[in-house]
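Here is the structure we will look at, set down as structure tokens.
Next up, the structure:
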């Protein structure tokens, strides 16, 4: 379809405006992390690396970063195993309640975090009688991380030839050998993409974490929340925010690129 | 018997795909299952391979009941309609696959795979990926991959369906030669009657989940048991029970093949509606007292070329050439 010149200008301006609303504040955060003023005067009176040095010299911050990475790795690993198994079951087999299972798997991503958090908090503490800890936070994160892996793998499986698995069995391979030699290479990049997305989801999660992590467990987003309004901490929080964005963007970028390569 | 199938049925929900099937196939036979799409032939093949479990009935391979065995627990291999080559493996790795999962050493399996690829004339393509091959070449890889593990029975699901006519005819001859060389049983599923006639020792004609008739190509062509078989294989002039009674004094449905109809000086007079020159033969469409007949004359008969549209001809239907149908 051809678009008139005036429409082009209008649409271009609108797109630019929307992107600016999203990214300008992020850009300001980036600049403020080098702002010489402790109270973030605008425009910045000078340039400094102090906050960056301070942030990475702070023990609490590095510990929080480690906790976040660990929780993200663990919950996305759980999600990889469960999401793959679920996708295989739902795409390759017929069983009673299949549609219901399919819906219930993707529901957690639509549930408000506060609901998931409260529900899990109650279940862990009162029903199961568990102490909240890092493990409970990992399980909680896994509930929504499963969805991204499941969706990615399911989409891939629906595009791969089912006869490949039949052919493998026909040639003498058992279930596990078929999975390892035939299915896994077909869904490999979908697994990586799904896993990276799951990692990014878990890494910046805050609401569910608040309800399900033990009192000594401080993830990076929670550290930010706790330190944001403390006197003199604001610039350091900016540094952390920029770091968080970078850590989240990298897996997203690779996940996107993998998806693009596959659609070729 | 290489394969005995007894009372085999398969339903998908309400739909009955295969109904109470009984077939015996001898070792070394080239046996075809012929029928229109949806007639149940592929479902039978998948039950022999083990991809589908029958609703009832039994599949026996060389005397062993394998009805409930998994596909990897049967001495049969399949060539799939879409070939189902592993896209992430090279041609050689595809062919080695069956040996690899049987834990055959790398050296031995490469040698065996190369020999199988030589047998299907693909020695120059061992390092290619399936996506870099033509349809005919993929077909050969699928064949090599199936025969390298030395199955006693090879199942072929419309393997030539995706190839163009010239290539298909070439592959038909190669398949026949391969079967003779290996001496194993081939079960060949097709909807193409010419292909079935060309290749098979015996053919089972499928219709609506049942077998209409089993026989050699000659038996099926010359003495079809039912109207369906008569129409599906070759061209047939079919007379209803009433027409048969008034024309020949026979009270059943009857059939005569076009080349059995004699055009000459004897018999009732009909009118040529259409004359079609086919190279080796001339086909005449004749109106005989309101009945439409197809007759085929050898083109070497010079008289045949003189029958044009509107010509009056005498049509002789010999009672001994009639086949009574069920």
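Protein chains in written order, with the numbering used here: chain A, 13 to 276; chain B, 114 to 439. Where a beta carbon is used, it is the ideal one built from N, C-alpha and C, also for glycine.
Original post:
Closest by CA to residue 136 (chain B), which one among B:173, B:355, B:354 and B:401?
Top reply: Here the closest residue by C-alpha is B:173.
Subject >> Strand pairing of residue 173 (chain B), partner residues [DSSP] >> reply: Answer is B:117 and B:178, bridged to residue 173 (chain B).
Subject >> 6 Å CB neighbourhood of residue 375 (chain B) in its chain, flanking five on each side removed >> reply: Around residue 375 (chain B): 429.
Subject >> residue 326 (chain B), enclosing beta strand (DSSP E) - first and last residue >> reply: Residue 326 (chain B): member of the beta strand (DSSP E) spanning 323 to 328, first to last residue.
**OP:** Please go through the stretch 17 to 84 of chain A and give each complete alpha helix (DSSP H) segment of 4 or more residues, from N-terminal end onward.
**Re:** If we require 4 residues or more, the alpha helix (DSSP H) runs fully inside the stretch 17 to 84 of chain A come out as 17 to 44 and 62 to 69.
Subject >> Under 8 Å between C-beta atoms of residue 404 (chain B) and residue 356 (chain B) >> reply: With respect to residue 356 (chain B), residue 404 (chain B) sits close: the two C-beta atoms are nearer than 8 Å.
**OP:** Scan the stretch 198 to 221 of chain B for residues whose Cβ lies nearer than 7 Å to a Cβ of chain A and list them as they occur along the chain.
**Re:** Going along the stretch 198 to 221 of chain B in chain order, one finds 199, 201, 210, 211, 214 and 215 with a Cβ nearer than 7 Å to chain A.
**OP:** Could you confirm whether any beta carbon from chain A is found closer than 8 Å to the beta carbon of residue 408 (chain B)?
**Re:** It does not; no Cβ of chain A falls within 8 Å.
Original post:
Are there 16 or more other CB atoms within 10 angstroms of the CB of residue 304 (chain B), so buried, or fewer, so exposed?
Top reply: Buried, by the Cβ-count rule.
Original post:
Listing by chain order, which chain A residues have their CB less than 8 Å from the CB of residue 195 (chain B)?
Top reply: Per Cβ cutoff of 8 Å: 173 and 175.
**OP:** Output the distance between the C-alpha atoms of residue 175 (chain A) and residue 269 (chain B), rounded to the nearest integer angstrom.
**Re:** About 14 Å.
Subject >> Nearest-angstrom Cβ-Cβ length linking residue 204 (chain B) and residue 241 (chain B), presumed shorter than 8 Å >> reply: Cβ-Cβ separation between residue 204 (chain B) and residue 241 (chain B): approximately 5 Å, consistent with a contact (criterion under 8 Å).
Original post:
Mind pulling the chain A residues with CB within less than 8 Å of residue 365 (chain B)?
Top reply: At a C-beta separation below 8 Å, residue 365 (chain B) has no neighbours in chain A, since its nearest C-beta there lies roughly 45 Å away.
Original post:
Which of the residues in the stretch 162 to 188 of chain B, read from start to end, lie with their CB under 8 Å from any CB of chain A?
Top reply: Going along the stretch 162 to 188 of chain B in chain order, one finds 162, 163, 164, 183, 184 and 185 with a Cβ nearer than 8 Å to chain A.
Subject >> the stretch 329 to 343 of chain B / the stretch 158 to 170 of chain B touching (three or more Cβ pairs under 8 Å) >> reply: Because the criterion of three Cβ pairs below 8 Å is not met, the stretch 329 to 343 of chain B and the stretch 158 to 170 of chain B do not touch.
Subject >> residue 257 (chain B) vs residue 229 (chain B) beta-carbon contact at 8 Å >> reply: Yes. Within cutoff.
**OP:** Quick one: residues in its chain with C-beta nearer than 6 Å to the C-beta of residue 207 (chain A), no 5 flanking neighbours on either side, listed in chain order?
**Re:** Excluding residues within five positions, the ones whose Cβ falls inside 6 Å are 88 and 92.
Original post:
Is the CB of residue 133 (chain B) under 8 Å away from at least one CB in chain A?
Top reply: In terms of beta-carbon proximity, residue 133 (chain B) stays away from the interface with chain A, with every pair separated by 8 Å or more.
Subject >> Other residues of its chain near residue 48 (chain A): CB distance less than 7 Å, five sequence neighbours each side excluded >> reply: Once the five neighbours on either side are set aside, the close Cβ partners of residue 48 (chain A) are 56, 57, 58, 59 and 60.
Original post:
Using a Cβ cut-off of 8 Å, which residues of the stretch 178 to 207 of chain A contact any Cβ in chain B, in chain order?
Top reply: Per Cβ criterion, the list reads 178, 179, 180, 181, 182, 183, 184, 185, 186, 189, 193, 194, 197 and 198.
**OP:** Could you tell me whether the Cβ of residue 190 (chain B) comes closer than 8 Å to any Cβ of chain A?
**Re:** So, interface residue.
Original post:
For residue 267 (chain B), does the three-state DSSP call read helix, strand or coil?
Top reply: Residue state, collapsed to three classes: strand.
Subject >> Beta-bridge partners of residue 128 (chain B), as assigned by DSSP >> reply: In the DSSP output, where bridge partners are listed per residue, residue 128 (chain B) has B:125.
Subject >> Through-space distance from residue 336 (chain B) to residue 370 (chain B), alpha-carbon basis >> reply: If you draw a straight line from the Cα of residue 370 (chain B) to the Cα of residue 336 (chain B), it is about 10 Å long.
Original post:
Where does residue 340 (chain B) fall in DSSP's three states?
Top reply: Collapsing the DSSP output to three states places residue 340 (chain B) in a helix.
Original post:
Looking at residue 201 (chain A) and residue 270 (chain A), is the spacing between their C-beta atoms short of 8 Å?
Top reply: Between residue 270 (chain A) and residue 201 (chain A), the C-beta gap is smaller than 8 Å, which places the two residues in contact.
Subject >> Under the three-state DSSP convention, the category residue 408 (chain B) falls into >> reply: Residue state, collapsed to three classes: strand.
Subject >> Cβ-based contacts, 9 Å cut-off: residues of the stretch 329 to 361 of chain B near chain A >> reply: Answer set for the stretch 329 to 361 of chain B: empty.
Subject >> Backbone CA spacing between residue 70 (chain A) and residue 126 (chain A) [nearest angstrom] >> reply: Straight through space, the alpha carbons of residue 126 (chain A) and residue 70 (chain A) are spaced by roughly 30 Å.
Original post:
How about residue 233 (chain B): is its C-beta nearer than 8 Å to some C-beta of chain E?
Top reply: The structure shown contains no chain E; the protein chains it does contain are A and B.
Subject >> Rounded C-alpha distance that separates residue 352 (chain B) from residue 368 (chain B) >> reply: Near 6 Å, if we compare the C-alpha coordinates of residue 368 (chain B) and residue 352 (chain B).
**OP:** Verify the CB distance criterion: does residue 157 (chain B) have a CB-CB separation below 8 Å to chain A?
**Re:** So no, residue 157 (chain B) is outside the interface.
**OP:** Output yes if chain A places a C-beta closer than 8 Å to the C-beta of residue 254 (chain B); else output no.
**Re:** No, no contact with chain A.
**OP:** Name the two residues that bound the continuous alpha helix (DSSP H) containing residue 182 (chain A).
**Re:** First-last of the alpha helix (DSSP H) with residue 182 (chain A): 175 to 182.
**OP:** Indicate whether at least one CB of chain A lies closer than 8 Å to the CB of residue 262 (chain B).
**Re:** Yes, residue 262 (chain B) counts as interfacial toward chain A.
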